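A.B. asks: First residue of the sequence shown? That's 0 in numbering that gives the first Met the number 0, and the numbers climb one at a time after it.
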Amino acid sequence: MKIALLGTRGVPAAYGGFETLVENIGQRLAGRGHDVSVYCRPHMVGGRFTHYRGMRLVFLPTIASKHLDTIVHTLVSTLYMAATDRPDVAFYFIAGNSPLAALSRLLGVPSIINVDGLDSTRAKWGRCASAYLRWAERIAPRCANATITDSRDVQTLYREQFGAETSFIPYGAAMDGTDTGEHLKRFNLKRRDYILFVGRLEEENNAHVLVKAFEGLDTDLKLVVVGDAPYSDQYREALHATKDERVCFTGYVFGDGYRELMRNAAMFVAPTEAGSTHPVIVEAMAAGNCVLVNDYRPNLETIGDAGVSYPGREGATGLRRVLAELLDDPARIERYRELATARARAVYSWDAVTEAYERLAKDVAGRR
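Right, here's the structure in full:
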């Protein structure tokens, strides 16, 4: 089949979870013999490759702003795709792109949309953007030929609140590889001597809650905060204002560096309370980390019985208490490392995820 992947920043993945998803399923679909095209934003993807890991890359213009970047690029990509490439099926990502999945169908290209979580609830959006996203989330199943959720919790929400059936396909993870130690050395770190946070530095991901909890923690470990955000300067500056010299801010780290930091952490903490399945939690489990999450329902669904949670309503106080309990019980940390590794292998295989996407694409293209 000819398959198009639209609505993300593009590949090689250098930003977030959807880009990593596209890179992993795209290369595997190409490896299965499909003709895969990924539509990329020039200002977000380094280099101008024509092909990457078997995928054809198509660079098209956009308006690089917080509110217009995604929708404008996806609109341009949809029109270009329908006029020139004419794929058998187009995968869209993020519920905000749902009207363009409908446009794709109108132009004769069957579409599938992965809605992620409820993006409208994220604190980073203003009132108008949130209202648009709520509308887009509600209409998504009527816009595309098929809808994907990566969380059973979100799948249930779509069934009960919107009266729509979706296909559940989880996120994948692979953290194999060999550590050189150069990335640890770059940040003056040693194996198992730091607690790790990875994510966009936006308020809803609660990096500030973790920093506050850590500031009151009696430990020789460091806290490593990996990530940044292009439109959150004030929040980032507030985080960096901590006087605790044990806290290390690395900025963005991708590829081998990211994997090395994941594989060598003493513990991984995800205090986020928004969205659906968070890729970093799945990847932390695949890396063999003891994972501690906010007791937000999609987080609990992701870890199952292979991780630990803290009461998010208690904020930094509750997080500090659970962190201290874990650090006082090294055997418990090791036990959760083993459970996390086993769950990641059993539930979050990229090959199984790709096969599910391929089956759905064939079904939708066949109905055409």
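Note that the Cβ used here is the ideal one computed from N, Cα and C, for glycine as well. Note that the coordinates shown come from a computational prediction; the quantities given were computed from them, not determined experimentally.
Tell me the rounded alpha-carbon separation between Ile112 and Ser166.
C.D. replies: Taking the straight line from one Cα to the other gives about 10 Å.
A.B. asks: First and last residue of the beta strand (DSSP E) that includes Asn293?
C.D. replies: Val290 to Asn293
A.B. asks: Among Gly254, Phe186 and Ala240, which residue has its Cα nearest to the Cα of Lys221?
C.D. replies: With distances taken between Cα atoms, Lys221 lies closest to Phe186.
A.B. asks: Would DSSP call Ala240 helix, strand or coil?
C.D. replies: Ala240: coil per DSSP, three-state reduction.
A.B. asks: Look at the Cβ atom of Ser110, then the Cβ atom of Ala89, and state whether they are nearer than 7 Å.
C.D. replies: yes
A.B. asks: Just grab the DSSP bridge partners of Ala341 for me.
C.D. replies: Paired residue(s): none; Ala341 is not in a bridge.
A.B. asks: For Val281 and chain D, any beta-carbon pair shorter than 7 Å?
C.D. replies: Considering every chain present, this structure includes no chain D. It has just one protein chain.
A.B. asks: Comparing alpha-carbon positions, which option in Gly256, Thr146 and Glu236 lies nearest Asp178?
C.D. replies: Gly256
A.B. asks: Counting along the chain, where does the alpha helix (DSSP H) carrying Ser110 start and finish?
C.D. replies: Run containing Ser110: none in the alpha helix (DSSP H); it sits in the beta strand (DSSP E), Ser110 to Asn113.
A.B. asks: Who are the near neighbours of Arg52 in its chain, counting only those whose CB is closer than 6 Å to its CB and skipping five residues on each side?
C.D. replies: Residues Gln26 of the same chain have their beta carbon placed closer than 6 Å to that of Arg52, with the five preceding and five following residues left out of the count.
A.B. asks: Indicate whether the contact test is met: 3 or more Cβ pairs, each with one atom in the region 347-362 and one in the region 15-35, closer than 8 Å.
C.D. replies: The region 347-362 vs the region 15-35: in contact.
A.B. asks: Keeping to the same chain, check which residues put their C-beta closer than 7 Å to that of Val197; ignore five residues upstream and five downstream.
C.D. replies: Val225, Gly226 and Val279
A.B. asks: Tell whether a beta-carbon distance below 7 Å holds between Arg40 and Thr61.
C.D. replies: The answer is yes: Cβ separation under 7 Å.
A.B. asks: Could you have a look at Met54 and say whether DSSP puts it in helix, strand or coil?
C.D. replies: strand
A.B. asks: Would DSSP call Met0 helix, strand or coil?
C.D. replies: coil
A.B. asks: Which same chain residues, not among the five before or five after Pro270, have their C-beta less than 6 Å away from its C-beta?
C.D. replies: So the qualifying residues of the chain are Asn205, Val208, Leu209 and Asn293.
A.B. asks: With DSSP collapsed to three states, give me the class of Gly314.
C.D. replies: helix
A.B. asks: Under three-state DSSP, which class holds Leu67?
C.D. replies: coil
A.B. asks: Using only alpha-carbon positions, find the residue among His66, Asn288 and His42 that is nearest to Tyr193.
C.D. replies: Asn288
A.B. asks: Out of Ala330, Ile2, Gly16 and Leu260, which has the shortest C-alpha to C-alpha gap to Arg55?
C.D. replies: Considering only alpha carbons, the answer is Ile2.
A.B. asks: Taking contact to mean 3 or more Cβ pairs, one atom from each stretch, closer than 8 Å, check whether the region 357-367 and the region 78-95 are in contact.
C.D. replies: yes
A.B. asks: Short check: CB of Ser231 to CB of Glu201, under 7 Å?
C.D. replies: The Cβ atoms of Ser231 and Glu201 lie closer than 7 Å to each other.
A.B. asks: Going by CA-CA distance only, name the one from Arg121, Gly274, Val71 and Pro86 that's closest to Ser97.
C.D. replies: Comparing Cα-Cα distances from Ser97 to each of Arg121, Gly274, Val71 and Pro86, the minimum goes to Val71.
A.B. asks: Around the C-beta of Gln154, are 16 or more other C-beta atoms found within 10 angstroms, so that it is buried, or is it exposed?
C.D. replies: buried
A.B. asks: May I have the straight-line CA-CA distance separating Val75 from Glu236, to the nearest angstrom?
C.D. replies: 35 Å
A.B. asks: Which residue spans inside the region 213-261 form an unbroken alpha helix (DSSP H) run of at least 4?
C.D. replies: 232-239
A.B. asks: According to DSSP, is Tyr79 helix, strand or coil?
C.D. replies: helix
A.B. asks: Answer with buried or exposed for Glu18, where buried requires no fewer than 16 other C-beta atoms within 10 angstroms of its C-beta.
C.D. replies: buried
A.B. asks: Where does Tyr347 sit, in a helix, a strand or coil, going by DSSP?
C.D. replies: coil
A.B. asks: So, Ser103 versus Pro297, is the Cβ gap smaller than 7 Å?
C.D. replies: no
A.B. asks: Tell me which residues share the same chain as Leu326 and place their Cβ nearer than 7 Å to its Cβ, disregarding the 5 neighbours each side in the sequence.
C.D. replies: Thr218
A.B. asks: Quick check: what's the CA-CA separation for Ala345 versus His182?
C.D. replies: 29 Å
A.B. asks: Just tell me which of Glu214, Leu4 and Gly180 has its CA closest to the CA of Leu260.
C.D. replies: Gly180
A.B. asks: Which value, in whole angstroms, describes the spacing of the CA atoms of Ser308 and Val290?
C.D. replies: 8 Å
A.B. asks: When you measure from the CB of Arg344 to every non-hydrogen atom of the ligand ZN, does any distance come out below 6 Å?
C.D. replies: Because no ligand of any kind appears in the structure shown, any question about the ligand ZN cannot be addressed here.
A.B. asks: Taking the straight line between their C-alpha atoms, what separation do you get for Thr146 and Leu117?
C.D. replies: 14 Å
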